[in-house]
Amino acid sequence: MTRIEQRPADPPVVVRRAPGVGTLVAATAAVASVVLAVALWFGGGTDREQILGLPDGGAFTAWALPVARALSYVGAVLTVGWTVAAAFLLPGLDRLVGPAGYRLMRRASWTAALWLAATLVALPLTASSLLGNPVDQVTAVTVLSLAMSVSQGQGLVIAAAMIAVVLAATRWAITRTGAAVTALLAVAATLPVVLTGHSAGSGNHAIAVSSVGVHTAAAALWVGGLAALLTLPGTRDLPRAARRYSTMALWCFVLMGLSGIANTVIRLYRPDELWSTRYGVLVLVKSVVLVALGAFGAAHRRRTLPRLAAGGAGAFRRLAAVEILVLAGIVAVGVAMSRAPSPVTVDPAEPDVYTELLGFPLPAAPTVARLLGQPVPDAYFLLIAVIGGGLYLAGVRRLRRTGRVWPPARTLCFLAGMLVLVAATCLGFARYAAVTHAHHIAQHLALLVVVPLLVGGGAPGALAGATLRSGPTPDLHGALEWWETLRRSGPARGLGHPVTAVVAFVACLYLPYFAPVLSWLMQRHVGHLGMLTAFLLAGGAVTTVLRHRPRRVGGIVLALNTAALLLFALLVRRSDRLRSGEWFDLVRTDWAPVTSVDHGYAAWTALVAAVVLVAAGLARLGRGAAAPTDGGRGGASGADERG
1 MTRIEQRPAD
11 PPVVVRRAPG
21 VGTLVAATAA
31 VASVVLAVAL
41 WFGGGTDREQ
51 ILGLPDGGAF
61 TAWALPVARA
71 LSYVGAVLTV
81 GWTVAAAFLL
91 PGLDRLVGPA
101 GYRLMRRASW
111 TAALWLAATL
121 VALPLTASSL
131 LGNPVDQVTA
141 VTVLSLAMSV
151 SQGQGLVIAA
161 AMIAVVLAAT
171 RWAITRTGAA
181 VTALLAVAAT
191 LPVVLTGHSA
201 GSGNHAIAVS
211 SVGVHTAAAA
221 LWVGGLAALL
231 TLPGTRDLPR
241 AARRYSTMAL
251 WCFVLMGLSG
261 IANTVIRLYR
271 PDELWSTRYG
281 VLVLVKSVVL
291 VALGAFGAAH
301 RRRTLPRLAA
311 GGAGAFRRLA
321 AVEILVLAGI
331 VAVGVAMSRA
341 PSPVTVDPAE
351 PDVYTELLGF
361 PLPAAPTVAR
371 LLGQPVPDAY
381 FLLIAVIGGG
391 LYLAGVRRLR
401 RTGRVWPPAR
411 TLCFLAGMLV
421 LVAATCLGFA
431 RYAAVTHAHH
441 IAQHLALLVV
451 VPLLVGGGAP
461 GALAGATLRS
471 GPTPDLHGAL
481 EWWETLRRSG
491 PARGLGHPVT
501 AVVAFVACLY
511 LPYFAPVLSW
521 LMQRHVGHLG
531 MLTAFLLAGG
541 AVTTVLRHRP
551 RRVGGIVLAL
561 NTAALLLFAL
571 LVRRSDRLRS
581 GEWFDLVRTD
591 WAPVTSVDHG
601 YAAWTALVAA
611 VVLVAAGLAR
621 LGRGAAAPTD
631 GGRGGASGAD
641 ERG
């Protein structure tokens with residue numbers, strides 16, 4: 001008989017698991033709800049008469065509208081976070097997103113549906129709030145009128161349309177490129193509502209609108225990215241995703257801090273209002289919490305990321321869970337502040353109609369000192385210049401560390417382009433561009449001709465191809481792979497097409513002045529930003545053709561655009577009344593020249609731009625068009641051919 005020895009049972013294995021997703025969601029919702037209610041009560045966000053002096057829309061509207069906005073923001077940040085993680089933080093399968101990324105994209109479809117529903121619900125609630133009528137008295141006709149004629153309603157409708165596209169894309173996109181486009185569109189969809197709120201109608205809206213847009217986008221990326229990490233299926237991909245997210249979170253922290261300071265300076269005109277007003281106290285609370293979040297980020301980089309790389313995910317998840325609760329609180333405070341009245345709604349210095357239209361009082365007669373001084377900083381263009389210049393210099397430094405030389409003339413050319421961009425959009429010159437035809441056309445031609453030629457002369461594409469790094473593994477795209485994807489994409493190829501270069505150049509040159517669109521664009525800062533961006537892109541298309549197309553094609557594009565500039569100068573000189581004059585009649589100053597003289601100055605500016613375009617174009621064509629490039633890792637030796 002065989003004897004069977006019975007071994008003692010192994011002790012049970014204790015597996016420590018992070019708090020479940022359901023528990024985390026419930027805790028986050030509870031924190032956000034409590035903080036939102038307290039901040040609304042403390043800041044006066046539910047007191048309708050305190051905000052606008054209009055009849056009260058009712059208690060339901062006073063509380064339901066902030067809740068709808070909060071739910072909309074929850075849907076927005078989760079959609080942004082999950083799509084960004086699927087596209088940029090997680091590994092893929094060749095051109096497709098990986099299994100984890102696919103699951104996050106499908107999750108994002110549900111949060112996008114929540115986002116869309118909350119945005120649509122906010123339409124009648126916004127109508128009730130603006131009109132001071134109870135929501136049950138708001139009709140479909142009222143909502144339609146709000147959506148068509150009021151900026152807040154227009155922002156909600158535009159956002160809803162963009163969210164609907166995001167919702168469809170999260171269900172259909174399975175490629176990395178599709179996920180990336182969906183993520184970028186989701187970030188963009190967070191902006192229409194905030195860009196038509198408090199800031200768009202206030203003085204100093206050049207910095208107010210742009211800074212609040214930067215603040216919102218950075219917050220969505222920060223909060224959403226962290227939420228994506230906490231809800232990531234499994235832990236295998238978590239270390240690499242967390243390392244990438246850490247870099248993104250640092251940038252978001254800096255952008256949120258700077259944009260928050262800008263918004264505070266605009267709304268609080270005296271330092272003592274930080275502690276003597278309820279709105280200022282909310283600003284202080286939000287600032288303290290933001291600093292605490294920075295400390296969380298530092299702890300992640302020093303402690304939990306190394307432990308995570310070694311296989312210990314528990315510490316990271318616990319700290320990230322606490323961080324997400326704090327972020328939920330700061331988001332709730334931000335929602336409450338959007339409803340709370342600031343101490344003053346207009347600059348007490350000169351509260352007039354011109355300040356409401358321009359964002360600043362009418363300037364005095366122009367001098368060199370006033371054109372270069374009296375800045376009107378715009379966060380949008382400042383970010384383009386600072387980040388663009390910083391990345392360019394970082395690329396040059398990285399190239400030199402490898403022993404390769406980058407021509408100093410190219411660096412000076414690129415930085416000069418960034419300086420001209422800042423001078424045309426952020427210095428005193430931008431004030432005068434808003435009140436006279438001559439300065440306005442000079443600003444537009446600087447962005448259409450001068451800035452693109454200088455930036456193109458710096459060959460940023462060649463520098464990017466020589467210095468950007470590949471991903472750590474083949475299944476995880478790095479900056480170089482995304483750069484190559486962008487360079488070969490349909491929009492990039494379309495921007496560099498000769499027909500696009502001519503059509504865009506002519507359209508940007510003629511439409512603002514000979515079609516009834518300038519007044520509408522100038523009265524909406526977002527429209528103004530879009531117009532100036534279109535000028536930069538059109539000029540970039542021309543520069544791309546001159547640098548990368550055969551000499552014959554470049555010569556034809558140069559000739560057609562030069563002819564368009566010369567004809568434009570002639571038409572402006574001989575025109576007694578441009579359609580753009582409707583705007584300049586609204587903001588006409590005592591020192592403004594008579595129409596014929598103003599048009600004469602503008603015509604001479606166009607002639608100078610034509611000379612600059614011809615000279616730079618011929619110089620480039622004389623060197624020969626650049627040969628097609630494969631993105632180039634060959635270094636600076638081939639920069640002239642790949643510029």
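All the letters of the sequence shown, read from the start, carry residue numbers 1 to 643 under full-length UniProt numbering.
Glycine residues also receive a C-beta, built at the ideal position from the N, C-alpha and C atoms.
Model, not experiment: these values are computed from the prediction.
Classification of residue i by the beta-carbon crowding that lies within 10 angstroms, buried from 16 upward
i: ASP136; result: exposed
i: THR28; result: buried
i: PHE584; result: buried
i: VAL322; result: exposed
i: ASP590; result: exposed
i: THR196; result: buried
i: VAL35; result: buried
i: THR139; result: exposed
i: TRP406; result: buried
i: GLY622; result: exposed
i: VAL80; result: buried
i: PRO271; result: exposed
i: PRO239; result: buried
i: GLY155; result: buried
i: PRO512; result: buried
i: ALA64; result: buried
i: SER596; result: exposed
i: ALA379; result: buried
i: TRP82; result: buried
i: PHE568; result: buried
Alpha-carbon spacing of residue i relative to residue j, whole angstroms
i: ARG579; j: TYR510; result: 11 Å
i: HIS440; j: LEU529; result: 14 Å
i: GLN50; j: VAL212; result: With a pLDDT of only 46 at GLN50, under the threshold of 50, the placement of this residue in the model should not be trusted; the figure read from the coordinates follows. Rounded to the nearest angstrom, the two C-alpha atoms are 23 Å apart.
i: LEU54; j: THR142; result: Here LEU54 scores only 48 on pLDDT, less than 50, and its place in the model is too uncertain to base an answer on.
i: ALA159; j: ALA219; result: 17 Å
i: HIS444; j: LEU566; result: 15 Å
i: ARG370; j: ALA564; result: 32 Å
i: LEU185; j: ASP576; result: 43 Å
i: THR533; j: HIS525; result: 12 Å
i: GLY581; j: HIS437; result: 8 Å
i: GLY225; j: HIS215; result: 15 Å
i: THR247; j: LEU89; result: 11 Å
i: VAL422; j: TRP483; result: 25 Å
i: GLY280; j: SER287; result: 10 Å
i: LEU358; j: PRO377; result: 13 Å
i: GLY257; j: SER145; result: 37 Å
For residue j and residue i, believed in contact at Cβ under 8 Å, the rounded distance
i: GLY600; j: ARG573; result: 6 Å
i: VAL289; j: ILE330; result: 5 Å
i: THR175; j: LEU96; result: 6 Å
i: GLY389; j: MET418; result: 5 Å
i: PRO452; j: LEU536; result: 7 Å
i: ALA541; j: GLY490; result: Their Cβ separation, rounded to whole angstroms, is 14 Å, which puts ALA541 and GLY490 out of contact at 8 Å.
i: ARG431; j: PHE360; result: 6 Å
i: ALA169; j: ALA118; result: So it is not a contact: roughly 19 Å between Cβ atoms.
i: THR544; j: VAL614; result: THR544 to VAL614, Cβ: 18 Å. No contact.
Enclosing alpha helix (DSSP H) for residue i [first to last residue]
i: GLN137; result: No alpha helix (DSSP H) holds GLN137; DSSP gives it neither H nor E.
i: ILE266; result: 238-267
i: LEU282; result: 278-299
i: HIS477; result: That residue, HIS477, is in no alpha helix (DSSP H); it is neither H nor E in DSSP.
i: GLY600; result: 595-622
i: SER151; result: 151-172
i: residue 683; result: What is shown of the chain runs 1 to 643, which leaves residue 683 out entirely.
i: SER129; result: 99-131
i: GLY461; result: 460-467
i: ARG176; result: 176-189
i: LEU195; result: Taken as a continuous stretch (DSSP letters only), LEU195 belongs to no alpha helix (DSSP H), as it is neither H nor E.
i: LEU454; result: 451-457
i: LEU445; result: 437-445
Min CB distance residue i to chain B below 8 Å
i: ALA442; result: Of the protein chains in this structure there is only one, and it is not chain B.
Notebook entry, point to check: Which residue spans inside the region 55-86 form an unbroken alpha helix (DSSP H) run of at least 4?
Noted result: The region 55-86 contains these whole alpha helix (DSSP H) runs: 59-84.
Check: In the region 492-580, which residue ranges form an unbroken alpha helix (DSSP H) of at least 4 residues, counting only runs that do not cross its ends?
Finding: Whole alpha helix (DSSP H) segments, 4+ residues: 498-514, 518-522, 525-548 and 551-574.
Next item on the list: Scan the region 348-400 and note each continuous alpha helix (DSSP H) run of 4 residues or more that stays entirely inside, going in chain order.
Entry: List check, alpha helix (DSSP H) in window: 353-358 and 368-372.
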